[in-house]
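Sequential numbering from 226 applies to the sequence shown in our numbering. Data first, discussion second: the structure below is written as structure tokens.
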Amino acid sequence: MPQNSAVRNFLVRHTDSLIAACVGFFVLTFYTRYSGIGISPDSIMYISGARNLNAHKGFTYFGDKPLVAFPLFFPTFLGALLFITGVDPVVMGPILTGLIFGCVILLTGVIIERFAFKSKLYKWVILLGIALSPSLLEIYSMLWSETLFILWTLIFIIAYRHYVINHTTKALLIVATVTAFACVTRYAGVTLIGTGGMLLLFDPQLKLKAKIKHILVFGLVSISLLVTNLIYNNLATHTGTGPRYKSLTSLSENMHYFGTVMCDWFTFPPARYNLAFSITLLLVVAFIAAFLYKAFRKKTSYPSYENIVTAFFIVFGLFMIISATISRYERLNNRLLSPLFIPFILGCSYWLVPFIQKQDIKVKRMFTVLGMGIGLLFLYGEYQNDYQRYDDQSDYGTPGYTDDDWNKSDLIKVMKTHPEIFKPNLPVYNNACEAFYFFTGKSSEYIPKPTEPKQLKQFDAKPHGYIVMFNKLPDPALLTIPQLQQRKKQLKPLYQFEDGGIYEF
């Protein structure tokens with residue numbers, strides 16, 4: 226049958242990619258076998274959102290409050306898997322992220338196989354570099370929405386390439402639909418709207434009228450789910466994406482932080498962070514120059530996979546640097562920039578293949594050996610980082626709430642073995658609501674801030690309740706135990722340990 230033949234041909238053509246995908250899956254399995262998938266505060270939001278969907282509580286997180294800080298698709302995705310399999314996201318986490326990681330490696334192999342200039346040797350080095358990437362292994366060791374978002378970006382690249390072959394409306398709608406789902410997986414999915422818009426705007430094959438039409442169709446479909454999500458958020462909390470604050474870092478600082486991540490991806494030592502700003506500037510200028518060259522000079526290469534990858538790197542990279550300069554969130558790091566890793570490694574290397582192939586025999590051999598040497602050094606640098614990380618995780622577990630720092634905590638053991646401590650219908654205040662939910666399954670409230678009169682008034686009005694203090698996560702913005710004792714004169718300790726305590730008032 227034609228379909229069976231197509232599948233067989235695909236498997237034969239991409240056998241090396243499938244092998245690399247299996248390698249990535251098993252490497253990730255080794256990383257998470259000690260303590261399971263890594264769980265962070267963000268992971269708790271996704272997990273509780275998935276559980277609440279199955280408990281018919283709508284789009285809410287552990288406090289039964291509207292989930293607006295994150296887009297709704299990833300908790301919905303986890304909730305659907307929980308409904309279908311009956312397996313909790315924490316339990317299925319290592320297998321789920323391993324499978325997604327395998328798909329990411331496979332699709333990267335498919336993309337490389339369709340580059341204008343092909344080289345099996347180049348493909349194998351890149352795929353192995355992705356399977357062993359400390360950057361991606363960190364991401365896929367955790368239950369984060371980036372795991373799925375990275376997959377969406379690769380599907381977008383493949384779908385857009387299919388569109389530019391014949392510019393049909395059907396193909397454009399597929400690209401727009403993929404983009405729409407990416408936007409409600411992470412808000413940074415708007416970069417795919419920007420990437421698609423930029424590619425359409427500079428497309429030399431589209432006439433002005435068709436260009437305007439396609440940009441409008443793509444834009445309207447792409448933003449549809451995001452607009453729906455934002456309308457829900459506004460109705461639920463009167464905010465679009467939760468509270469946002471002005472950035473505390475300048476443009477130059479964010480360019481430096483961006484560059485430090487690039488240094489890590491190049492496997493440079495921290496001593497080379499002094500080059501970070503220059504590396505950022507060089508990468509941005511080089512990628513923009515490559516894109517514009519294909520848009521205006523080498524137009525036959527404009528619809529190539531290489532150019533689509535380049536466009537995404539430009540839009541996502543600039544978006545992260547500029548948005549971090551405008552809005553306050555955590556410092557630019559590997560997690561925030563992880564969707565760029567594959568475009569980064571492809572964009573920095575794809576030109577080597579045609580460059581080497583165009584040389585005469587002797588020069589070609591010399592550059593092939595040199596290129597392989599650089600590739601092996603890169604892989605060796607990744608291996609060293611991987612080995613150190615595996616050594617740590619095999620001893621202490623995946624960083625987060627599943628590592629030994631938490632699992633062997635005396636405070637956590639008491640909360641797990643004596644759930645009757647917390648009487649029903651009494652409020653629990655603590656300095657880490659996500660951690661409290663993860664280990665007890667109960668909702669709680671944050672200890673009030675001394676600078677928030679409304680929070681203090683509500684807290685003072687509670688005649689009876691509990692306070693849990695996690696010493697591992699000190700927050701100077703919240704009331705301390707001595708300050709709490711001044712407000713609750715009858716505050717008494719129930720359990721006290723080196724890592725925290727439980728109090729009743």
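The beta-carbon is built from N, C-alpha and C at its ideal position, and this holds for glycine as well.
Exposed or buried, residue i, counting other C-beta atoms within 10 Å across all chains shown (16 or more means buried)?
| i | result |
| --- | --- |
| residue 267 | buried |
| residue 631 | buried |
| residue 619 | exposed |
| residue 754 | It is not possible to answer for residue 754, since the shown part of the chain is limited to 226 through 730. |
| residue 271 | buried |
| residue 312 | exposed |
| residue 463 | exposed |
| residue 420 | buried |
| residue 554 | exposed |
| residue 603 | buried |
| residue 235 | exposed |
| residue 568 | buried |
| residue 450 | buried |
| residue 364 | buried |
| residue 528 | buried |
| residue 505 | buried |
| residue 400 | buried |
| residue 322 | buried |
Can you tell me whether residue i is helix, strand or coil according to DSSP?
| i | result |
| --- | --- |
| residue 707 | helix |
| residue 672 | coil |
| residue 646 | helix |
| residue 664 | helix |
| residue 256 | helix |
| residue 691 | strand |
| residue 471 | strand |
| residue 625 | coil |
| residue 263 | strand |
| residue 702 | coil |
| residue 464 | coil |
| residue 494 | coil |
| residue 638 | helix |
| residue 500 | helix |
| residue 696 | coil |
| residue 368 | coil |
| residue 395 | helix |
Identify, in the order they occur along the chain, each residue of the same chain with its Cβ nearer than 8 Å to the Cβ of residue i, setting aside the five sequence neighbours on each side.
| i | result |
| --- | --- |
| residue 239 | 331, 334, 335, 338 |
| residue 717 | 728, 729, 730 |
| residue 599 | none |
| residue 407 | 374, 377, 378, 381, 414, 417 |
Who are the near neighbours of residue i in its chain, counting only those whose CB is closer than 7 Å to its CB and skipping five residues on each side?
| i | result |
| --- | --- |
| residue 282 | 289 |
| residue 575 | 340, 531 |
| residue 297 | 284, 409, 454 |
| residue 663 | 264, 269, 626 |
| residue 396 | 387, 388 |
| residue 737 | Because the chain spans 226 through 730 in this model, residue 737 falls outside it and cannot be assessed. |
| residue 479 | 546, 549, 550, 557 |
| residue 572 | 512, 534, 535, 538 |
| residue 245 | 330, 334, 352, 353, 356 |
| residue 519 | 526, 527, 532 |
Could you tell me the boundaries of the beta strand (DSSP E) in which residue i lies?
| i | result |
| --- | --- |
| residue 726 | 725-729 |
| residue 721 | 717-722 |
| residue 655 | 653-655 |
In chain order, what residues of the same chain lie with their CB nearer than 6 Å to the CB of residue i, ignoring the 5 residues before and after it?
| i | result |
| --- | --- |
| residue 277 | 285 |
| residue 524 | 429 |
| residue 249 | 326, 327, 330, 356 |
| residue 378 | 564 |
| residue 684 | 673 |
Which two residues bound the contiguous alpha helix (DSSP H) that contains residue i?
| i | result |
| --- | --- |
| residue 383 | 371-391 |
| residue 483 | 476-490 |
| residue 360 | 359-365 |
| residue 685 | 678-685 |
Mind checking whether the beta-carbon of residue i lies closer than 7 Å to any heavy atom of the ligand FMN?
| i | result |
| --- | --- |
| residue 697 | You won't find the ligand FMN in this model; it holds no ligand whatsoever. |
At what residue ranges does the segment 504-553 contain a whole run of the alpha helix (DSSP H), taking only runs of 4 or more? Within the segment 504-553, the complete alpha helix (DSSP H) runs of at least 4 residues are 530-551.
Please specify which runs of the alpha helix (DSSP H), each continuous and at least 4 residues long, are wholly inside the segment 399-457, giving them in chain order. Counting whole runs of 4 or more residues, the segment 399-457 contains the alpha helix (DSSP H) stretches 415-426.
Return the chain-ordered ranges of every alpha helix (DSSP H) run that is complete within the segment 549-602 and spans a minimum of 4 residues. With a minimum length of 4 residues, the continuous alpha helix (DSSP H) runs that stay inside the segment 549-602 are 559-562, 566-572, 577-582.
Considering only residues of the segment 273-352, which uninterrupted beta strand (DSSP E) runs meet the minimum length of 3 residues and lie entirely inside it, listed in chain order? Inside the segment 273-352, DSSP marks no whole beta strand (DSSP E) run of 3 or more residues.
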